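Asks: Count along the sequence shown starting at 1, add 9, and that's the number in my numbering.
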Amino acid sequence: MIAGMIDSSRDRSAGSLFGLAYGDALGKETEFLPVAEIVRRHGPAGPRELVGDPALVTDDTQMALAVAWALREASELTPEAVEPVLRRRFLDWAASPENNRAPGMTCLRACADLSRGLRWQEATVAGSKGCGANMRVTPVGLLDVDLDTLAGLAQLQAGLTHGHPTGLAASELTAYGVRSLRDGAALDELPDLLIDRAREQRHRYRADWLGDLWQRPGTTDPAEFIARGWDECLAALGRLTNALARPDDGGDPCRLTGEGWVAEEALATALYCALRHPDDPVGALARGATTAGDSDSIAALAGAFVGAAVGMSAWPAGWATRIEYADQLHTLTAP
Numbered sequence: 010m011i012a013g014m015i016d017s018s019r020d021r022s023a024g025s026l027f028g029l030a031y032g033d034a035l036g037k038e039t040e041f042l043p044v045a046e047i048v049r050r051h052g053p054a055g056p057r058e059l060v061g062d063p064a065l066v067t068d069d070t071q072m073a074l075a076v077a078w079a080l081r082e083a084s085e086l087t088p089e090a091v092e093p094v095l096r097r098r099f100l101d102w103a104a105s106p107e108n109n110r111a112p113g114m115t116c117l118r119a120c121a122d123l124s125r126g127l128r129w130q131e132a133t134v135a136g137s138k139g140c141g142a143n144m145r146v147t148p149v150g151l152l153d154v155d156l157d158t159l160a161g162l163a164q165l166q167a168g169l170t171h172g173h174p175t176g177l178a179a180s181e182l183t184a185y186g187v188r189s190l191r192d193g194a195a196l197d198e199l200p201d202l203l204i205d206r207a208r209e210q211r212h213r214y215r216a217d218w219l220g221d222l223w224q225r226p227g228t229t230d231p232a233e234f235i236a237r238g239w240d241e242c243l244a245a246l247g248r249l250t251n252a253l254a255r256p257d258d259g260g261d262p263c264r265l266t267g268e269g270w271v272a273e274e275a276l277a278t279a280l281y282c283a284l285r286h287p288d289d290p291v292g293a294l295a296r297g298a299t300t301a302g303d304s305d306s307i308a309a310l311a312g313a314f315v316g317a318a319v320g321m322s323a324w325p326a327g328w329a330t331r332i333e334y335a336d337q338l339h340t341l342t343a344p
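(1) Leaving out the 5 sequence neighbours to the left and right, which residues in its chain are closer than 7 Å to Gln130 when beta-carbon positions are compared?
(2) With a CB to CB cut of under 6 Å and the five nearest residues on each side skipped, what residues in its chain are close to Arg125?
(3) Name the residue from Arg21, Ser22 and Gly28 whose alpha carbon lies nearest to the alpha carbon of Gly346.
(4) In this structure, how does DSSP classify Ala45 when only helix, strand and coil are distinguished?
(5) With respect to the alpha helix (DSSP H) encompassing Leu156, which residues constitute its N-terminal and C-terminal limits?
(6) What are the start and end residues of the alpha helix (DSSP H) that includes Trp102?
(7) Go to Lys138, then tell me how far its alpha helix (DSSP H) extends in each direction, as first and last residue.
(8) Can you tell me whether Val66 is helix, strand or coil according to DSSP?
(9) So what does DSSP say about Val358, is it helix, strand or coil?
(10) Classify Leu159: buried if its beta carbon has 16 or more other beta carbons within 10 angstroms, exposed otherwise.
(11) On the three-state DSSP scale, how would you describe Val271?
(12) Could you please give me the residues that DSSP links to His171 through a beta bridge?
(13) Give the range of the alpha helix (DSSP H) segment to which Gln337 is assigned.
(14) When the Cα atoms are used, what is the spatial distance from Leu338 to Gln71?
(15) By Cβ distance, which residues of its chain are closer than 6 Å to Ala308, with the 5 residues on each side in sequence left out?
(16) How many Å lie between Ala232 and Glu209 at the Cα?
(17) Would you call Asn109 buried or exposed, if buried means 16 or more other Cβ atoms sit within 10 Å of its Cβ?
(18) Name the residue from Arg225, Ala236, Ala318 and Leu199 whose alpha carbon lies nearest to the alpha carbon of Leu211.
(19) Excluding sequence positions up to five away, which residues of its chain have a Cβ less than 7 Å from the Cβ of Met14?
(20) If we ignore side chains and look at the alpha-carbon of each, how far apart do Leu246 and Thr228 end up?
(21) Which one or two residues does DSSP pair with Ile332 in a beta bridge?
(22) Is the distance from the Cβ of Ala275 to the Cβ of Asn143 below 8 Å?
(23) Return the Cβ separation of Pro290 and Trp239 in integer angstroms, given the expectation that the two are a contact with Cβ distance under 8 Å.
(24) Hey, how far is the Cα of Gly269 from the Cα of Ala277?
(25) Looking at Pro63 and Glu333, is the spacing between their C-beta atoms short of 8 Å?
(26) So Thr67 and Asp305 are in contact, right, with Cβ under 8 Å, and what is the actual spacing, rounded?
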């Protein structure tokens with residue numbers, strides 16, 4: 010299993026990692042389609058069945074697996090031990106012939122510079138807060154580590170490619186959300202838990218994990234740098250709270266919480282989908298896949314959240330052998 014995963018929560022951990030892959034596979038089929046076309050093809054409820062055998066995923070799952078294997082292979086969960094393994098796993102992904110699923114340009118650009126041996130703080134795309142930062146962070150949330158280590162790992166794995174403070178903060182919040190649900194928090198408690206976490210961490214720059222990443226023109230203080238990221242996440246969570254206070258019209262959630270191309274919107278919109286379908290886990294994935302935005306990432310994160318809350322019973326039993334990379338997913342979540 011993933012290094013350090015608690016045995017008693019294994020089912021929820023498996024539900025989360027498989028849920029991410031299932032959402033990714035459903036969203037892969039709809040990512041670049043307008044909502045009207047998605048509805049024409051799948052009906053108003055959206056896609057609810059995996060396509061193909063195996064059902065193919067995107068770079069979201071591929072990179073989440075890279076993070077999971079890096080965590081498993083690292084000799085210890087410290088920045089010095091984890092960074093080179095993450096770097097190698099990301100570069101292996103970038104060079105793989107299977108990296109043909111419309112990968113994000115930020116990840117490709119950063120990996121090109123990482124392959125030249127640059128320090129990761131120099132290789133990262135400093136201005137990017139794309140959802141590539143947090144689409145892959147779920148494995149961090151499944152570790153049995155203290156919250157400071159969880160936060161450092163979440164921000165480090167994001168920072169190797171996405172250097173914007175909002176990508177760092179949103180990645181920490183995503184991992185923290187998965188961890189909270191896996192440990193028994195209710196889905197409807199999560200928005201408030203994330204808001205509290207963001208407020209608590211607003212001026213906390215993790216220099217031991219991030220080094221001098223904050224140093225760039227126009228920034229004079231590391232606390233100021235990271236606060237910008239937390240503030241944007243708080244704004245996104247505020248939009249989520251407002252959206253949840255209204256009746257659900259069943260439409261595209263991107264109209265309310267953003268299209269998910271950037272990290273804080275992917276977090277908020279995925280949570281919206283999960284919270285609007287508390288008794289229908291597959292419906293949460295289908296809702297995420299029926300959007301005008303980054304449907305695969307939204308549905309993937311919705312699956313990670315729902316799976317962490319419910320466990321493998323959330324998902325149709327037959328999907329576990331049909332999903333692409335099923336062997337890796339089973340190995341990573343096995344005893």
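Backbone N, C-alpha and C define an ideal beta-carbon position, used for all residues, glycine too.
Predicted model, so just to flag it, every value in this text is computed and none were measured.
Replies: Let me lay it out:
(1) If the five residues before and after Gln130 are omitted, its C-beta is found closer than 7 Å to the C-beta atoms of Gly220, Asp221 and Leu222, all from its own chain and listed in chain order.
(2) Residues of the same chain with a CB within less than 6 Å of the CB of Arg125, apart from the 5 flanking positions on each side, do not exist.
(3) Past the boundaries of the shown model lies residue 346; the chain is included only from 10 to 344, so the question cannot be answered.
(4) In the displayed model, Ala45 falls within a helix according to three-state DSSP.
(5) Note, Leu156: alpha helix (DSSP H), Leu156 to Gly168.
(6) Residues Pro88 to Ala104.
(7) No alpha helix (DSSP H) contains Lys138, which DSSP labels as neither H nor E.
(8) In the three-state scheme derived from DSSP, where H, G and I count as helix and E and B as strand, Val66 is classed as coil.
(9) The shown model of the chain, from 10 to 344, leaves out residue 358, and the question about it has no answer.
(10) It is buried - the Cβ of Leu159 has at least 16 other Cβ atoms within 10 Å.
(11) Strand.
(12) Residue pairing from DSSP places His171 in a beta bridge opposite Val134.
(13) Its alpha helix (DSSP H) spans residues Ala335 to Thr342.
(14) Cα atoms of Leu338 and Gln71: separation of roughly 11 Å, rounded to the nearest angstrom.
(15) Sequence-distant Cβ neighbours of Ala308 in its own chain, meaning closer than 6 Å and more than five residues away, are Gly32, Leu35, Gly36, Leu294, Gly297 and Ala298.
(16) One C-alpha to the other measures close to 13 Å.
(17) The residue is exposed, with fewer than 16 neighbouring Cβ atoms inside 10 Å.
(18) In the sequence under discussion, the amino acid at residue 211 is Arg, which differs from the Leu named in the question. The candidate whose alpha carbon is nearest that of Arg211 is Ala236.
(19) The pLDDT assigned to Met14 is 48, lower than 50, so where the model puts this residue is not dependable, and the model offers no usable value.
(20) Each residue's alpha carbon lies about 25 Å from the other.
(21) Residue pairing for Ile332: DSSP places it in a beta bridge opposite Ala64.
(22) The answer is yes: Cβ separation under 8 Å.
(23) Incorrect: roughly 30 Å between the Cβ atoms, too far for contact.
(24) Gly269 and Ala277 have their alpha carbons spaced roughly 8 Å apart.
(25) Their beta carbons are under 8 Å apart, which means Glu333 touches Pro63 by this criterion.
(26) So it is a contact: roughly 5 Å between Cβ atoms.
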